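Protein chains in written order, with our numbering: chain A, 1 to 151; chain B, 1001 to 1103. Backbone N, C-alpha and C fix where the C-beta goes; we use that ideal spot for every residue, glycine too. Bear in mind that the values here come from a model prediction, so they are computed numbers and not experimental data.
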Amino acid sequence: MQSRRETLKQSAIVAGLLAATGLFPRAALAFNKAAFDAKTVADAVKAFGGGAPAESKDVTLTAPDIAENGAVVPFGVATTLAGVRQMLILVEKNPSALVAKFDVTDAVEPSFATRAKMGQSSDVYAVAITADGKAHFAKKEVKVTLGGCGG
Amino acid sequence: MADPMRIRAQAAGGNATVRVLMSHEMETGQRKDSAGKVIPAWHITDVTATLNGKPVMSAEWGPAVAKNPFLQFTIKGAKAGDKVAVTWKDNKGDTRTDEAVVS
């Protein structure tokens, strides 16, 4: 088990490395609030520098047709496109459409899975933004039997 | 402090599939408590991963990611014995890093 000191030291090293690599185009480790506050899919994509999204067969969104529990809906996003910089998961009818953004580097496959909350039945989008600023998406309608945002 | 993350990294065909289960409330900021006051948003905002100290993955998450978030991704060129470290940071400034060895 790592000692607390070692954990802290490693966190500092990781943070330093990340800032140095310039993986984050905005201020190092800054959370892109504008994108997460965006109310529509187009706005969220624009906040990451993507152009108007175009539907593409090269982007795949794996999601259930019906989500039993809107608080935990599994999603997978993947793409076969080359030169992808970012992949986004968006739920159109959520209070804030953008669920997650994954940065794609040469060290990882452009394929991610996570679980998200859905407030109601909605279209879900997987968007891949390539280095040239083009946004490609795939969408799927996911029905929710019990909403997951509470309130 | 939060419970440790559970990280499984398995090597397969020159890549390592990493599965992480994090322990975090992920409050959306939409819910109200019994007194009618809004429970403030408290969720992981940034997730990063390194392979043997080199950053390989980063992600930004909004409040819509589910409670006790699950994450799966695949690192290219990883082999058994490599160290994978995953770090998350939330909107209150808390952070946590956990490590696993690729098996």
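**Item:** Alpha carbon of Lys117 (chain A) to alpha carbon of Ala35 (chain A), nearest angstrom
**Value:** 17 Å
**Item:** Option nearest Thr1050 (chain B) by Cα separation, candidates B:Lys1032, B:Ile1007, B:Asp1094
**Value:** B:Ile1007
**Request:** Given a cut-off of 8 Å, decide if Pro1069 (chain B) and Thr1028 (chain B) are closer than it, judged by their beta-carbon atoms.
**Result:** no
**Asked** Quick one: is Pro1040 (chain B) buried, meaning 16 or more other Cβ sit within 10 Å of its Cβ, or exposed?
**Response** exposed
**Prompt:** With distances taken between CB atoms, is the gap from Val1102 (chain B) to Ala1016 (chain B) smaller than 8 Å?
**Reply:** yes
**Request:** Look up Arg1008 (chain B) in the DSSP assignment and give the residues it is bridged to.
**Result:** B:Arg1019
**Request:** Write down the C-beta distance between Leu88 (chain A) and Val45 (chain A) rounded to the nearest angstrom, noting that I regard them as a contact closer than 8 Å.
**Result:** 7 Å
**Request:** At 7 Å on the CB atoms, spell out the chain A contacts of Gly1081 (chain B), in chain order.
**Result:** Near Gly1081 (chain B) there are no residues of chain A at all, since even the closest Cβ is about 17 Å away, more than 7 Å.
**Item:** Burial state of Thr114 (chain A) (16 or more Cβ within 10 Å)
**Value:** buried
**Asked** Skipping 5 residues on each side, what residues in its chain have a beta carbon closer than 6 Å to that of Ala1011 (chain B)?
**Response** Lys1079, Ala1080, Val1102
**Prompt:** Using a beta-carbon distance cut-off of less than 8 Å, what residues from the region 82–97 of chain A approach chain B?
**Reply:** Val91, Asn94, Pro95, Ser96
**Prompt:** For the region 100–118 of chain A, which residues have a CB atom closer than 7 Å to at least one CB atom of chain B, in sequence order?
**Reply:** Ala100, Lys101, Phe102, Asp103, Thr105, Ala107, Val108, Glu109, Ser111, Phe112, Ala113, Thr114, Arg115, Ala116, Lys117
**Request:** Could you tell me whether the Cβ of Val41 (chain A) comes closer than 8 Å to any Cβ of chain B?
**Result:** no
**Residues that His136 (chain A) bridges to, as DSSP identifies them** = A:Ala54, A:Ala128
**Request:** Assign Ala30 (chain A) to buried or exposed, taking buried as 16 or more other Cβ atoms, counted over all protein chains shown, within 10 Å of its Cβ.
**Result:** Bear in mind that the predicted position of Ala30 (chain A) carries a pLDDT of just 40, short of 50, making it unreliable; the figure below should be weighed with that in mind. So Ala30 (chain A) counts as exposed.
**Prompt:** Out of curiosity, what's the CA-to-CA distance linking Arg4 (chain A) and Val73 (chain A)?
**Reply:** 34 Å
**Request:** Note down the Cα distance separating Ala42 (chain A) from Trp1042 (chain B), rounded to an integer number of angstroms.
**Result:** 26 Å
**Asked** Whole-angstrom Cβ separation of Ile129 (chain A) and Ala135 (chain A), contact assumed at under 8 Å?
**Response** 5 Å
**Message:** Distance cutoff 8 Å, beta carbons only. Does Pro25 (chain A) sit that close to anything in chain B?
**Reply:** Reliability of the predicted coordinates at Pro25 (chain A) is poor, the pLDDT of 36 falling under 50, and no value is obtained from them.
**Request:** Give the straight-line distance between the Cα atoms of Lys1054 (chain B) and Thr1048 (chain B), rounded to the nearest whole angstrom.
**Result:** 11 Å
**Asked** If you count every other CB in all the chains shown that lies within 10 Å of the CB of Lys1089 (chain B), and 16 or more means buried, which is it?
**Response** buried
**Request:** Apply the 10 Å Cβ neighbour rule to Ala71 (chain A) and answer buried if 16 or more other Cβ atoms are within range, or exposed otherwise.
**Result:** buried
**Asked** Where Thr1045 (chain B) and Lys1092 (chain B) are concerned, what is the direct C-alpha to C-alpha distance, given to the nearest angstrom?
**Response** 9 Å
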